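Q: Residue numbers (our numbering): 10 to 356. The beta carbon of each residue, even a glycine, is placed where N, CA and C say it ideally should be. Small disclaimer: the values here were computed from a predicted structure and weren't measured. Right, I'll just put the structure down here and ask away after.
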């Protein structure tokens with residue numbers, strides 16, 4: 010009897026009460042508890058079946074107008090059509106996605122507040138910050154959105170013209186070359202640390218506050234190398250302003266099929282990219298997660314959505330929670346080692 014009372018009182022797996030639940034109501038005794046719990050479980054089930062019956066909020070932990078925000082709005086619009094509901098994007102930027110991530114985690118696990126989570130949110134931050142205002146494992150996966158690889162760029166006047174020549178030059182001149190990044194602990198920084206680790210070269214870190222500062226420094230010869238996002242780096246390479254040596258993902262990008270991966274160039278284990286996903290607060294009903302996942306998968310098959318994502322340098326994923334879970338599991342030990350190697354700890 011106690012087992013069933015516990016099950017019905019929870020209303021769903023995950024140990025959290027149903028958002029409709031009466032945790033603040035005075036609870037009857039005896040059989041009244043049992044029948045009240047039955048009624049509550051039924052109400053929860055009905056709420057899940059009717060989902061969504063009001064607007065859904067998707068929190069983007071980045072500023073409005075940035076690439077991640079544009080991606081979030083693109084998917085939200087298409088998913089809203091499939092769910093027959095309004096999806097409103099809210100920007101809660103700052104602290105390496107921690108502000109938006111912590112906000113969503115405090116919300117009710119009812120499917121009406123969703124987070125656009127990145128590799129920083131779910132993997133890197135746990136090793137990068139001394140303290141986090143959220144638990145990176147405190148979410149239910151909706152699905153993997155896509156992977157945004159970086160490109161290895163070199164200045165136009167460097168004495169090397171491909172990856173092999175770069176590595177050979179760096180080994181002959183240890184500590185001479187510099188590499189720009191978006192900032193400490195970013196995907197750009199971790200890609201460079203992985204490159205150092207796998208090639209055995211010694212290059213010096215010069216952090217900037219984004220590509221809008223790093224790219225001009227590379228073009229002007231103030232730094233030698235830069236791992237940049239495809240969308241900002243490739244136009245400069247195509248214009249002949251920088252050299253491009255390879256892409257950081259394990260697979261080639263559909264929008265740049267001729268651009269070889271670094272893995273193809275003698276470093277088969279090289280795989281580092283930014284990635285994007287949707288998650289909800291842990292305890293969100295499985296049937297609600299299924300509806301959100303289905304809408305995401307449909308959106309990622311839409312040709313217009315796929316075309317726009319590829320134009321942004323993002324390879325669309327299949328939208329499954331399994332792909333997201335596998336990505337996190339594979340990256341955790343790699344990123345932990347790279348953050349330790351870089352000796353970066355943020356407050």
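Using 8 Å as the threshold, is the C-beta distance between residue 143 and residue 107 below it?
A: Your numbering for residue 143 matches position 134 in the chain shown. Your numbering for residue 107 matches position 98 in the chain shown. Contact: yes.
Q: If contacts are defined as beta-carbon pairs under 8 Å, then residue 196 and residue 281 qualify, I think. What distance do you get, rounded to the angstrom?
A: Looking up residue 196 in the chain shown gives position 187. Looking up residue 281 in the chain shown gives position 272. At roughly 7 Å, the Cβ-Cβ gap stays under 8 Å, so residue 196 and residue 281 are in contact.
Q: Would you be able to state if there are at least three C-beta pairs under 8 Å between the region 183-191 and the region 215-233?
A: yes
Q: Go to residue 243, then tell me how far its alpha helix (DSSP H) extends in each direction, as first and last residue.
A: Counted from its first residue, the chain shown places residue 243 at position 234. Note, residue 243: alpha helix (DSSP H), 239-247.
Q: Look at the Cβ atom of residue 323, then the Cβ atom of residue 157, and state whether they are nearer than 8 Å.
A: The residue labelled residue 323 in the question sits at position 314 within the chain shown. The residue labelled residue 157 in the question sits at position 148 within the chain shown. In this structure, residue 157 lies closer than 8 Å to residue 323 by Cβ.
Q: How about residue 87 and residue 246: are their beta carbons less than 8 Å apart?
A: Here residue 87 is taken as the residue at index 78 of the chain shown, counted from 1. Here residue 246 is taken as the residue at index 237 of the chain shown, counted from 1. The answer is no: Cβ separation not under 8 Å.
Q: Jot down the residue ranges of each uninterrupted beta strand (DSSP E) in the region 88-150, minimum 3 residues, whole runs only, in chain order.
A: 96-100, 122-127
Q: Which runs of the beta strand (DSSP E) fall wholly inside the region 210-290 and span at least 3 residues, in chain order?
A: 213-216, 234-238, 252-256, 282-290
Q: Please return the same chain residues whose Cβ sits closer than 6 Å to the Cβ of residue 145, not counting the five positions on each side in sequence.
A: Within the chain shown, residue 145 is the residue found at index 136, counting from 1. Excluding residues within five positions, the ones whose Cβ falls inside 6 Å are 131, 135.
Q: According to DSSP, which residues form a beta bridge with residue 153?
A: If you number the chain shown from 1, residue 153 lands on position 144. Beta-bridge pairing links residue 153 to 286.
Q: In terms of alpha-carbon separation, which member of 227, 84, 262, 343 lies closest to residue 249?
A: In the chain shown, residue 249 corresponds to position 240, counting from 1. The option with the nearest alpha carbon to residue 249 is 227.
Q: Just to confirm my understanding: we take residue 128, look at its own chain, exclude 5 residues before and 5 after, and list those with CB closer than 7 Å. What are they?
A: Start at 1 with the first residue of the chain shown, and residue 128 comes out as number 119. Closer than 7 Å at Cβ, skipping near neighbours: 196, 283, 284, 340.
Q: Would you kindly work out how many angstroms separate the C-alpha atoms of residue 67 and residue 85, rounded to a whole number?
A: Residue numbering aside, residue 67 sits at position 58 when the chain shown is read from its first letter. Residue numbering aside, residue 85 sits at position 76 when the chain shown is read from its first letter. Answer to the nearest angstrom: the Cα atoms are 8 Å apart.
Q: Check whether the Cβ atoms of residue 330 and residue 302 sit closer than 8 Å, and answer yes or no.
A: Mapped onto the chain shown, residue 330 falls at position 321. Mapped onto the chain shown, residue 302 falls at position 293. Their beta carbons are under 8 Å apart, which means residue 330 touches residue 302 by this criterion.
Q: If you count every other CB in all the chains shown that lies within 10 Å of the CB of residue 300, and 16 or more means buried, which is it?
A: Within the chain shown, the letter at position 291 stands for residue 300. Residue 300 is buried by the Cβ-count criterion.
Q: Whose C-beta lies closer than 7 Å to the C-beta of residue 82 among residues of the same chain, with five residues either side of it excluded?
A: To locate residue 82, count along the chain shown from 1; it is residue 73. 98.
Q: At what residues does the beta strand (DSSP E) containing residue 69 begin and finish?
A: As a position in the chain shown, residue 69 is number 60, starting the count at 1. Taken as a continuous stretch (DSSP letters only), the beta strand (DSSP E) holding residue 69 covers 65-69.
Q: I'd like the list of long-range same chain contacts for residue 122, defined as Cβ closer than 6 Å, with 5 residues on each side in sequence excluded.
A: Stepping through the chain shown from its first residue, residue 122 is reached at position 113. Answer for residue 122: 66, 113, 116, listed in chain order.
Q: State the DSSP-derived secondary structure class of residue 354, mapped to helix, strand or coil.
A: As a first step, residue 354 must be located in the chain shown, where it is residue number 345. Residue 354 falls in the coil class under three-state DSSP.
Q: Give the DSSP bridge partners of residue 325, in chain order.
A: The residue given as residue 325 occupies position 316 in the chain shown. Looking at the DSSP assignment, residue 325 forms a beta bridge with 155.
Q: From residue 181 to residue 169, what distance separates their C-alpha atoms?
A: If you number the chain shown from 1, residue 181 lands on position 172. If you number the chain shown from 1, residue 169 lands on position 160. For residue 181 and residue 169, the distance between alpha carbons rounds to 12 Å.
Q: In terms of alpha-carbon separation, which member of 213, 150, 172 lies closest to residue 254?
A: Sequence index remark: in the chain shown, residue 254 carries index 245 (1-based). Checking every option, the nearest Cα to that of residue 254 belongs to 172.
Q: Within 10 angstroms of its Cβ, does residue 213 collect 16 or more other Cβ (buried), or is it exposed?
A: For the purposes of this step, residue 213 is taken as residue 204 along the chain shown, with counting starting at 1. With fewer than 16 other Cβ atoms within 10 Å, it is exposed.
Q: Go to residue 188, then tell me how far its beta strand (DSSP E) extends in each direction, as first and last residue.
A: In the chain shown, residue 188 corresponds to position 179, counting from 1. 187-190 is the extent of the beta strand (DSSP E) around residue 188.
Q: Give the straight-line distance between the Cα atoms of residue 216 and residue 354, rounded to the nearest whole angstrom.
A: Along the chain shown, one-based indexing puts residue 216 at 207. Along the chain shown, one-based indexing puts residue 354 at 345. Residue 216 and residue 354: Cα-Cα distance of roughly 14 Å.
Q: Exposed or buried, residue 352, counting other C-beta atoms within 10 Å across all chains shown (16 or more means buried)?
A: Here residue 352 corresponds to residue number 343 of the chain shown, with the count starting at 1. By the neighbour-count rule (16 or more Cβ atoms within 10 Å), residue 352 is not buried but exposed.
Q: How big is the Cα-Cα spacing for residue 77 and residue 240?
A: The residue you call residue 77 lines up with position 68 of the chain shown. The residue you call residue 240 lines up with position 231 of the chain shown. Cα-Cα distance, rounded: 12 Å.
Q: I'd like the span of the alpha helix (DSSP H) that includes residue 299, first residue to last.
A: Residue mapping note: residue 299 aligns to position 290 of the chain shown, counting from 1. Where residue 299 is concerned, the enclosing alpha helix (DSSP H) stretches over 295-310.
Q: Roughly how many whole angstroms lie between the Cα atoms of residue 204 and residue 191?
A: What you label residue 204 is simply residue 195 of the chain shown in a count that begins at 1. What you label residue 191 is simply residue 182 of the chain shown in a count that begins at 1. Spanning the two alpha carbons is a distance of roughly 16 Å.
Q: Pick helix, strand or coil for residue 73, following the three-state DSSP scheme.
A: Locating residue 73 in the chain shown gives position 64, counting from the first residue. DSSP, reduced to helix, strand and coil, places residue 73 outside both helices and strands of the structure shown, so it counts as coil.
Q: Any idea if residue 258 is buried or exposed, counting beta-carbon neighbours within 10 angstroms, 16 or more meaning buried?
A: Along the chain shown, one-based indexing puts residue 258 at 249. It counts as buried.
Q: Measure the CB-CB distance between residue 89 and residue 293 and report whether it falls below 8 Å.
A: Here the question's residue 89 lines up with position 80 in the chain shown. Here the question's residue 293 lines up with position 284 in the chain shown. No; because the gap between Cβ atoms is not below 8 Å, this pair is not in contact.
Q: Which residues in the same chain as residue 266 place their Cβ atom closer than 8 Å to its Cβ, once the five residues preceding and following it in sequence are excluded?
A: The count along the chain shown starts at 1 and reaches residue 266 at position 257. Once the five neighbours on either side are set aside, residue 266 has no close Cβ partner at all.
Q: So, residue 94 versus residue 110, is the Cβ gap smaller than 8 Å?
A: Locating residue 94 in the chain shown gives position 85, counting from the first residue. Locating residue 110 in the chain shown gives position 101, counting from the first residue. Not in contact: residue 94 and residue 110 (Cβ atoms no closer than 8 Å).
Q: Out of curiosity, what's the CA-to-CA distance linking residue 220 and residue 75?
A: Position 211 of the chain shown, counting from 1, holds the residue named residue 220. Position 66 of the chain shown, counting from 1, holds the residue named residue 75. Roughly 12 Å between the two C-alpha positions.
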